[in-house]
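Visitor:
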């Protein structure tokens, strides 16, 4: 099964990402942040050159992790499973992606049926036939099954 992509959703990197990285014990500097901005620009330009439509979101200074767009949703066969990233402070990012998916992309949005389950897009592996999740709450299994059937 070959995957085809029509859209890519990317977020510009907020300046607050530098302080976030330092808070998490990672190295960061103005030079590092400038390199990250340049790499992001190059990435977006490369996607455009190969014909992918880009939905580029503005940098959200209130949400330094907004660059991790893949944490917020998993989209398979026109259905988006909205994730619940670790840390309640990230719900603003999820809300922005939810609105973007509904208004700009027009995919069906499925919500997790529990607030206790935490899942990020990087916790999900789709092989083309199987949807595998790292489960942290047994209620998540029913949500993932619901998404894969729709």
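In the numbering used here, the protein residues as written are 55 to 204.
We put the beta carbon where it would ideally sit given N, CA and C, even for glycine.
Is it buried or exposed for residue 99, if we count other Cβ within 10 angstroms and need 16 for buried?
Guide: exposed
Visitor: Relative to the C-alpha of residue 181, which candidate in 121, 148, 131 has its C-alpha closest?
Guide: Nearest of 121, 148, 131 to residue 181, Cα basis: 131.
Visitor: To the nearest angstrom, report how far apart residue 94 and residue 67 are at their CA atoms.
Guide: 8 Å
Visitor: Using a 10 Å radius around the Cβ and a threshold of 16 neighbouring Cβ atoms, would you call residue 144 buried or exposed?
Guide: buried
Visitor: For a test of the three-state rule: what should DSSP assign to residue 129, helix, strand or coil?
Guide: strand
Visitor: Could you check what DSSP says for residue 177 in three-state terms: helix, strand or coil?
Guide: helix
Visitor: Is the separation between the beta-carbon of residue 62 and that of residue 128 shorter than 8 Å?
Guide: For residue 62 and residue 128, no; Cβs fall outside 8 Å.
Visitor: Quick check on the DSSP output: the alpha helix (DSSP H) that includes residue 185 runs from which residue to which?
Guide: Segment 185–187 is the beta strand (DSSP E) holding residue 185; no alpha helix (DSSP H) there.
Visitor: When we look at the beta-carbon of residue 58 and count the other beta-carbons within 10 Å, is it buried (16 or more) or exposed?
Guide: exposed
Visitor: Closest Cβ-Cβ distance between residue 72 and chain C: below 8 Å?
Guide: Among the chains of the structure shown, chain C does not appear; only one protein chain is present.
Visitor: May I ask which residues mark the beginning and end of the beta strand (DSSP E) holding residue 96?
Guide: Counting along the chain, residue 96 falls outside any beta strand (DSSP E), though it belongs to the alpha helix (DSSP H) covering 84–103.
Visitor: Within the same chain, show all residues whose beta-carbon is closer than 7 Å to that of residue 156, passing over the 5 residues directly before and after it, in chain order.
Guide: Contacts found: 163.
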